[in-house]
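Written below as structure tokens is the structure these notes are about.
Number of protein chains: 2
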Amino acid sequence: MVASLKRWVVGTPIRTEHAAHERLSRKTALAVFSSDALSSTAYATEEILLVLAAAYAAGQTAAFSKVIPVSIGIATLLVIVAISYRQTIRAYPSGGGAYIVAKDNLGTMAGLIAGASLLVDYILTVSVSIAAGVAALTSMFQGTRFYWLDDHKVALCLFFIAFIAVANLRGVRESGALFAGPTYAFLVAFIFMIAYGFVHYYANPGSIPTPLAPGQDPELKIAEGYIIQSLSIFLILGAFSNGCAALTGIEAISNGVPAFKQPEAHNASVTLTWMAALLTIMFVGTSVMAYLYNVHPHEHETVISQFARIIFHGPMGWFYYVVQITTAAILVLAANTSFADFPRLAQLLARDRFLPRQFANRGDRLVFSNGVIILAVFSGLLVTAFGGDTSRLIPLYAVGVFLSFTLSQTGMVRHWLKEGAALRRKGRIAGAHKEALNEEGVKIKVADNPVDEAEEKEEASHWKKSIVINGVGAIATFVVLVVFIATKFIHGAWVVVLLIPLLVLLFRSIHSHYVEVAKQLSTEGLEKLRPIKHEVIVPISGIHRGVISALEYAKSIAPEHVTAVYIDLDEEATRKLREKWDQWGVGVKLVVLASPYRSLVRPLLSYIDRVERRAHDDVVTVVLPEFVPARWWQNLLHNQNSLLLKGALLFKKGIVVTNVPYHLEH
Amino acid sequence: MVASLKRWVVGTPIRTEHAAHERLSRKTALAVFSSDALSSTAYATEEILLVLAAAYAAGQTAAFSKVIPVSIGIATLLVIVAISYRQTIRAYPSGGGAYIVAKDNLGTMAGLIAGASLLVDYILTVSVSIAAGVAALTSMFQGTRFYWLDDHKVALCLFFIAFIAVANLRGVRESGALFAGPTYAFLVAFIFMIAYGFVHYYANPGSIPTPLAPGQDPELKIAEGYIIQSLSIFLILGAFSNGCAALTGIEAISNGVPAFKQPEAHNASVTLTWMAALLTIMFVGTSVMAYLYNVHPHEHETVISQFARIIFHGPMGWFYYVVQITTAAILVLAANTSFADFPRLAQLLARDRFLPRQFANRGDRLVFSNGVIILAVFSGLLVTAFGGDTSRLIPLYAVGVFLSFTLSQTGMVRHWLKEGAALRRKGRIAGAHKEALNEEGVKIKVADNPVDEAEEKEEASHWKKSIVINGVGAIATFVVLVVFIATKFIHGAWVVVLLIPLLVLLFRSIHSHYVEVAKQLSTEGLEKLRPIKHEVIVPISGIHRGVISALEYAKSIAPEHVTAVYIDLDEEATRKLREKWDQWGVGVKLVVLASPYRSLVRPLLSYIDRVERRAHDDVVTVVLPEFVPARWWQNLLHNQNSLLLKGALLFKKGIVVTNVPYHLEH
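Protein chains in written order, with the numbering used here: chain S, 85 to 750; chain F, 85 to 750.
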């Protein structure tokens, strides 16, 4: 019954050899890998405005104009990070996630920190994206008769998470077919919206709404945890930190290089450039539009929804819905990418014995099902705890992201240093050879010298340039990380700052358990075992066919070393048993144990203890006669003594337990 | 952990030989056995008034005066039943419950019907008594600042039920010490109340409250299911049926004869007479008082509470609280008697194989714990379903009681008929002997004739008189049963009318299951078993110490018939295993199974199937290597494959499963 329910939800199993490996063209790869990054434009601008609102509420009417410099700052960071990741693509054509890059170059500990950061990041990506997607939908219903959906954000979030989780348990692929439509629709709709906004702004200068004065807007929303205050460098940095959510997901392409068509690294590089360019345009464009149109962050409607409502009206009114729906769709897709990434990373960690090995099992549909389930549960808990509000989740978000950026970029610096050292060694040999030639005073081109000078020069200059690029990336992301923690610590970042070391501790203790088990189970040093000598105990509840077949079985193991044990609960019954024993005891010794407290299990266990102590190296086997009713509910009509005993024996060291079933009919 | 929680709630185990058998004097026996019967005076009068209220509300101001004839009718019935039960005491000095009497004299079916009726009756006794006890308490709080307790009747009821259940699981005894205090306090308080009411009535004629006219009393409560209507014979019979709740518990003494001091039957008889007399006085007295003082049934206060409030005031005001508290206390004791009776009857039924045998197990404290738990659960469900309202439970109550009365009395008639037949046979022999003497014309007293004429006469007249008494009892209770069902069927009696046959069906199907099992397990006709030939399968997940010791164990059972089975999930791992097998396979044959769907269990099961089909009469044993981590939570870090496999093998016929544990350290 449970099995057929599972079939219905998850689908029939897929054979192992059907695991497909689609190769993606640049266009589809852009759709597949960039939904996470691009979708963050749906909320990044709003998150900046939410912090600036604290100063606006304090009466500084120009506070919101700071969204422009802050956005440009973030866009600059974005370009730096994107350029850095192009280096990673070059160096790790087989896929360079932060866990692998950090572990390879900075050691296991750094790898684990990156792994923990990423796991946390993936969970938050799901929560934030789904919350933002739901906000896009509920914004659309403001002013309609479905406005009340706004009160059920958490339920809507949980519904979407469950939906995506089931789709992933069924083994939805990161296929172009699925991603291309929504991603390109969103791109087109969003870019059109920004362009239309520009044109509309200059065409209808009168249509720009006058902003409500500070204190006159009851709907004005300020970022959670911020009190009304004047503009300060700290507030601006807070706005900047919030906006850094725009960078999340930018690393996706460098993780997925092997999925590209040949030449993989080149295609991935080009795609990353395109994605960064689009992301910059869309994010900065949104911020500029929000500024031009005086859109303020509101409680029940997103900034983008407000802006789109202003510019799309009359015959263009329908386009508002296009924007909202494509926004919601790409946010759901963004969550979906975490459902591919989290289980994959969990599997890597499990394979390296840092997470329970169950994460490395492929389910019926070839999916790492346990990872999918755990991700759904934790992201669901998060959304519930934070009331399905994107802005309350943001302070937790970027810690993991920027920590993994920093570790990954630092790892790359180390990578190039190692490569440089290798090149220098090679170069020195080649140089020595040349010098020797020079000493002879003759300049000959040696044909079998494999070192092409030009190529060598290029390689040498390349690794140096790479160190600079990744070094800048590492420093920039590290500085942002520090700024982020400093500005967001009390707003929630502390949770993640605490959680990551705890996760690392967990990874390490899991690892040491597995190492210890492997050591204990190792055949290393195992000597030839002596032949086994048996001591067999058969607990009996009376004499019946089930008991007799168990006795026969026991005798077949150790003809001379079988003891039947009976618990005396009732004098009369015991007397009868003794009488029958001569006929049916098949020559086995009978031991009757007293049980003053009417317990069956305790006297038996202490008897087994005694036998075991006496037995030294002999193997003690308890043979349990067990009759199995024809129907499961008939078990209710029988004492579950053999079950109880089995449970109790589970914790006894070195006891072998054998069930000899006697199956009843009807 | 669970064990120590259980210790704390239930207490430490008691040794079997400590089962004490207290013998009760008449005075303590009256306390122990009559709490159920006497306590019903707390609600019986009110239940009559509730029905009459339907006519009062219709404008018939004299309707409540009918409480007097109805109560006298019930008292008459009470006397008949009490006299009948004196016969049972005589005939069954070892305790004659309805189940035993009906089964002995009318056959198993009648016994089962009586048994089912009694079980239902006991559950309802708990529910009704606790609900009435809680009503006595909440009435007391009317007009105080604890009036809101009235809205939490169900919670209070559940609390008391849980309290009594735990006390019984701890093995509270039906001891004089426990019962005597509250029972005699209640007796004294109640009888004093009635007597004081009488005196008060004639001393202060002005103090009688004028009854509110029909329609002017917003608090007036009418029995559930009754519409406002004129007095009719049907309404009177309904009131009579409701009042019959007063008779419940009257059979308790006849069940408990062996607990009396010697001469048991005589002492029991005397006690029964006392109980019946007290019950009659208290019940009729209450009805008369309710009539004299114009007390009408109300929603939030019991009739007795209202009456006691009227008469006890000024310096006697404190006595009101004495009445309410002793009433609540005896009602809790009444529920407690069911907690002794239900498990005892369930044990009798289980012993006769009509209920699961678990009901016959004595728990740690020598109590039939399962019966206690089941009773608490069902009575708790009932109180909850009926909102803790006594009057809504009453229509379900008396069906079981009067059905068991009728069966018991009919059984007694049959008993006396059989005894009469036996006497007549004896008498005929004696008579023939005497006639022979008469023919000789000589009247001699034959010394060795054991038949004493006077004694014989007395015996003969006794069994005839007994037939009449029990016959009248049987007819009376049967008529009341019919009246009850006719008047209360739609008000809830149908539930019990339906439930009793269903229970009987359940008893019978449980019985036939046990009979079938006994037949199948019987050693009858069992021939000498042939020596066992083994076929042993060892599923392995790789090569480690745990696997090797399992292989060694398997070889010790059947050196030549062991097969190790490995599931191929990964080519590389399989290749490595094959390589290691030569060194560590201890000469055992290795079978590698393909698993296209990555399942471990399914290919193994079908392999075992194939082996079993090939094996014919050989015994197939699956030896499961199992490593047991040192701490339970470490299980989370390991695939539970051997557990899964064990579960799956449970449903395979004829497979012996052996666990060879390998215990890990730390």
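The beta carbon of each residue, even a glycine, is placed where N, CA and C say it ideally should be.
At a CB-CB cut-off below 8 Å, which residues of chain S make contact with residue i?
i        : result
F/Leu720 : Pro440
For residue i, does the three-state DSSP call read helix, strand or coil?
i        : result
F/Glu619 : strand
F/Ala142 : coil
S/Tyr231 : helix
F/Lys502 : helix
F/Phe711 : strand
F/Pro295 : coil
S/Ile739 : strand
S/Phe344 : strand
F/Ala198 : helix
S/Tyr285 : helix
F/His747 : strand
F/Val218 : helix
S/Lys529 : At S/Lys529 the pLDDT is 48, less than 50, meaning the model places this residue with poor confidence and gives no usable figure here.
F/Tyr405 : helix
F/Asp652 : strand
F/Thr96  : coil
F/Val670 : coil
F/Ala678 : strand
Can you tell me whether residue i is buried or exposed, with buried defined as 16 or more other CB within 10 angstroms of its CB?
i        : result
F/Arg446 : buried
F/Trp547 : buried
F/Tyr405 : exposed
F/Met373 : buried
S/Phe443 : buried
F/Leu582 : exposed
F/Ala343 : buried
S/Asp666 : exposed
Give the single residue among the options whose Cα lies nearest to the Cα of residue i.
i        : options                                : result
F/Ile158 : F/Ala360, F/Glu655, F/Ala374           : F/Ala360
F/Val601 : S/Val712, S/Phe591, S/Thr647           : S/Val712
F/Gly309 : F/Leu480, F/Lys150, F/Asn725           : F/Leu480
S/Ser371 : S/Ala642, S/Met277, S/Val406           : S/Met277
F/Val646 : F/Pro623, F/Arg662, F/Tyr375, F/Gln346 : F/Pro623
F/Ser314 : F/Val564, F/Gly464, F/Ala141, F/Val703 : F/Ala141
S/Val580 : S/Leu161, S/Ala113, S/Glu131, S/Val485 : S/Val485
S/Phe489 : S/Asp701, S/Ser679, S/Val212, S/Glu335 : S/Glu335
S/Ile156 : S/Gly369, S/Gln346, S/Ala215           : S/Gly369
Under 9 Å Cβ-Cβ, which residues of chain S neighbour residue i?
i        : result
F/Leu610 : Arg629, Ile632, Trp668
Check the Cβ of residue i against every Cβ in chain S and list those closer than 7 Å, keeping chain order.
i        : result
F/His747 : Lys737, Gly738
F/Asp448 : Tyr681
What do you reckon, is the C-beta of residue i under 7 Å from a heavy atom of the ligand MG?
i        : result
F/Trp402 : In terms of ligand content, the structure shown is empty, and the ligand MG therefore cannot be addressed.
Applying a beta-carbon distance threshold of less than 8 Å, which residues of chain F neighbour residue i?
i        : result
S/Gln604 : Arg629, Leu748, Glu749
S/Asn723 : Arg441, Gln442, Asn445
Which chain F residues sit within Cβ distance under 7 Å of residue i?
i       : result
S/Pro97 : Tyr681
Since residue i meets chain F, which of its residues come closer than 9 Å, beta carbon to beta carbon?
i        : result
S/Pro623 : Per Cβ cutoff of 9 Å: no residues; S/Pro623 is ~16 Å from chain F at best.
Check your understanding: At a Cβ cut of 8 Å, what residues of the stretch 129-158 of chain F count as close to chain S, listed as they run along the chain?
Key -> none
**Study point:** Members of the stretch 670-688 of chain S near chain F, C-beta cut-off 7 Å
**Key:** Pro680, Tyr681, Arg682
Practice item. Pull out every residue of the stretch 428-439 of chain S whose Cβ sits closer than 7 Å to any Cβ of chain F, in chain order. Key: none
Review point. Of the residues that make up the stretch 703-717 of chain S, which ones have a beta carbon closer than 8 Å to any beta carbon in chain F?
Key: Val703, Thr705, Phe711, Val712, Pro713
Exercise for review: Note down, in chain order, all residues in the stretch 637-657 of chain F with a beta-carbon under 7 Å from any beta-carbon belonging to chain S.
Suggested key: Tyr637, Ser640, Ile641
Review point. Of the residues that make up the stretch 582-606 of chain S, which ones have a beta carbon closer than 9 Å to any beta carbon in chain F?
Key: Ile594, His597, Tyr598, Glu600, Val601, Ala602, Gln604, Leu605, Ser606
**Study point:** Where the stretch 474-489 of chain S meets chain F: residues whose CB sits under 7 Å from a CB there
**Key:** If you check each beta-carbon in the stretch 474-489 of chain S against every beta-carbon of chain F, none falls closer than 7 Å.
Review point. When Cβ atoms are compared, which residues of the stretch 211-232 of chain S fall closer than 7 Å to chain F?
Key: none
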